Amino acid sequence: MISRRYRRIITICVSCATVFFITHHFYPEFGNPNARRPDIPTPREQEPQREPKPEPVLVPVRTEDKELVVASMANDDTAWLDEYFDTWKKNIYVVNSASAPLTVPKNKGREAMPYLTYIIDRYDTLPDVSIFIHSLRYQWHNEDPMYDGVPVLKRLRLQHVQERGFVALRCSWTMGCPSELHPLNPSTATDDRSQNEATWASVYQQLFPGRDVPEVVGAHCSSQFAVSRDRIHAQPKSQYEKIRQWILDTELVDHISGRVIEYMWHIIFGMPAVDCQDAGECFCQTFGLCNLTCDERGCEKRYKLPQYATIPQGWPEVGPGKNGWPARGWAD
């Protein structure tokens, strides 16, 4: 008979053997450092935290960058430009003052010289729209019932200038439209218009060799217009230098050489030889005046051709209703 002591020893041995068997049979990695451990699910490694994308910057739509190019004389009153257009950049060329901040190589060719000088000097830094004007606020050719330049500029639709490329600051066909010159059949008279017509073709051929001289030239008078940067850049800088050099070299008197270029601007800037838009369409697109009573040549209560080219001193407080000048309020 086995004593109690030996039974206890046997029980312990059997228990140890059982534990050893189970451990090495079902969990072979225990006690064996080279045994392959089963894949134990682990939490997914966190991806490196990315910098948050910045919110898109909402850039407000920029109004067209514009500058005024002003042809002036030393004693001209240009204070009205600062009074009504204080935020607009103004390039005021004083053609008869060598000491002026902006001047010209020579006072010749009337407004053509400062206009071309601006284009040449600023060719690589032009604004979206350049607006070329004379210096005085009241001028007989301003497209306004009282010949006031302020509403003309305030109403000018710069987006339309961008779209069309070249826009005259007149819409009425009085003076220049529908035909001002017949270069191939010039008049033999001696008035300014006829002298311009007689010389226009030869100047055009000199400035644009190889181009056909147009039979008819028609455009709004008076050399006030707005041009987009792209339209100016359609011609190389050298072309504008060539035109300015012609003015410097020509023996034509100023009022003829200036007039030749006056009826060439629209062609220089890529418009057809006859650029006479329907007046109602022009007023609507250029100045936003779209409810006028119009025919092809003009619109009611917009413009009267005065008898004289010089505005009375003190206008409009002095002069309206006298000597053929329209009365105040005539277009109301």
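First residue of the sequence shown: 1, per the working numbering; consecutive thereafter. Even for Gly, the Cβ is constructed at its ideal location relative to N, Cα and C. The model shown is predicted, which means the values in this text are computed figures rather than measured ones.
Inset, instruction - Please determine, among P312, L68, M73, S194, the residue with the shortest C-alpha to C-alpha distance to N96. - result: M73
Legend entry - Three-way DSSP call (helix, strand, coil) for Q313 in this model: The answer is coil: DSSP assigns Q313 none of H, G, I, E or B.
Legend entry - Of the residues T293, W265, N323, A226, the one placed nearest R152, counting alpha carbons only: Here residue 152 is Val; the residue named in the question, Arg, does not match the sequence. V152 has its Cα closest to that of A226, out of T293, W265, N323, A226.
Legend entry - Contact under 7 angstroms by Cβ, S194 with S202: Judged by their CB atoms, S194 and S202 are not nearer to each other than the 7 angstroms cut-off.
Inset, instruction - For A168, name the three-state secondary structure that DSSP assigns. - result: In the three-state DSSP reduction, A168 falls in the strand class (E or B).
Legend entry - Per-residue burial, P114 [other beta carbons within 10 Å of its own, 16 or more giving buried]: buried
Inset, instruction - Pull up the distance between the alpha-carbon of S222 and that of D212, whole angstroms please. - result: In this model, S222 and D212 are separated by some 25 angstroms (Cα to Cα).
Inset, instruction - Could you tell me which of S99, F85, D82, G109 sits nearest to T250, measuring between CA atoms? - result: G109
Inset, instruction - Confirm, please, whether the CB-CB distance from V216 to V274 is below 7 angstroms. - result: yes
Inset, instruction - Go through its chain and collect everything with a Cβ distance to R259's Cβ below 7 angstroms, but skip five positions before and after it. - result: Answer for R259: D192, N196, listed in chain order.
Inset, instruction - Just mark A308 as buried or exposed, buried being the case when its beta carbon has 16 or more other beta carbons within 10 Å. - result: Residue identity check: residue 308 is Tyr in the sequence provided, not Ala. Counting Cβ neighbours within 10 Å, Y308 comes out exposed, since fewer than 16 surround it.
Inset, instruction - Please report how far the alpha carbon of N185 lies from the alpha carbon of E281, in whole angstroms. - result: 31 angstroms
Inset, instruction - Indicate the three-state DSSP secondary structure (helix, strand or coil) for W330 in the structure shown. - result: coil
Legend entry - Residue of H134, D144, Y118 minimising C-alpha distance to R244: Y118
Legend entry - For E281, the first and last residue of its enclosing alpha helix (DSSP H): 279 to 287
Inset, instruction - Return the CA-CA distance between L126 and F132, expressed in angstroms with no decimal places. - result: 13 angstroms
Inset, instruction - Excluding the 5 residues preceding and the 5 following N91 in the sequence, name in chain order all residues of the same chain whose CB lies nearer than 7 angstroms to its CB. - result: Same-chain partners within the cutoff: E67, L68, V69, V70, L102, Y118.
Inset, instruction - Please state whether DSSP places S130 in a helix, a strand or coil. - result: Under the three-state reduction of DSSP, S130 is assigned to strand.
Inset, instruction - Measure the alpha-carbon distance for A331 versus T78 and round it to whole angstroms. - result: 26 angstroms
Legend entry - Beta-bridge partners of V253, as assigned by DSSP: Partner(s): none; V253 has no beta bridge.
Inset, instruction - State the CB to CB distance for the pair S139 and Y147, rounded to an integer number of angstroms; the pair is presumed to be in contact (CB under 8 angstroms). - result: The residue you asked about is not Ser; residue 139 is Gln in the sequence shown. That belief holds up - the Cβ atoms of Q139 and Y147 are roughly 6 angstroms apart, short of 8 angstroms.
Inset, instruction - Within its chain, find whatever has a CB closer than 8 angstroms to the CB of L252; leave out the 5 residues flanking it on each side and keep chain order. - result: Correct list, in chain order: T199, V260.
Inset, instruction - Can you tell me the Cβ-Cβ gap for H266 and A219, rounded? I've got them flagged as a contact below 8 angstroms. - result: 5 angstroms
Legend entry - Where the alpha helix (DSSP H) through S194 begins and ends: 192 to 207
Legend entry - Beta bridge counterpart(s) of F85 as assigned by DSSP: Beta-bridge pairing links F85 to no other residue.
Inset, instruction - Kindly indicate the opening and closing residues of the alpha helix (DSSP H) around V152. - result: 149 to 155
Legend entry - H134 classed as buried or exposed, judged by whether at least 16 other C-beta atoms fall within 10 angstroms: buried
Inset, instruction - May I ask whether a heavy atom of the ligand MN can be found less than 6 angstroms away from the beta carbon of T174? - result: Of ligands this structure carries none, so the ligand MN is not represented either.
Legend entry - As assigned by DSSP and simplified to three states, the class of V318: Three-state DSSP puts V318 in coil, outside helix and strand.
Inset, instruction - Using three-state DSSP, classify S72 as helix, strand or coil. - result: strand
Legend entry - 7 angstroms Cβ cutoff met for C299 and L305: Cβ atoms of C299 and L305: not closer than 7 angstroms.
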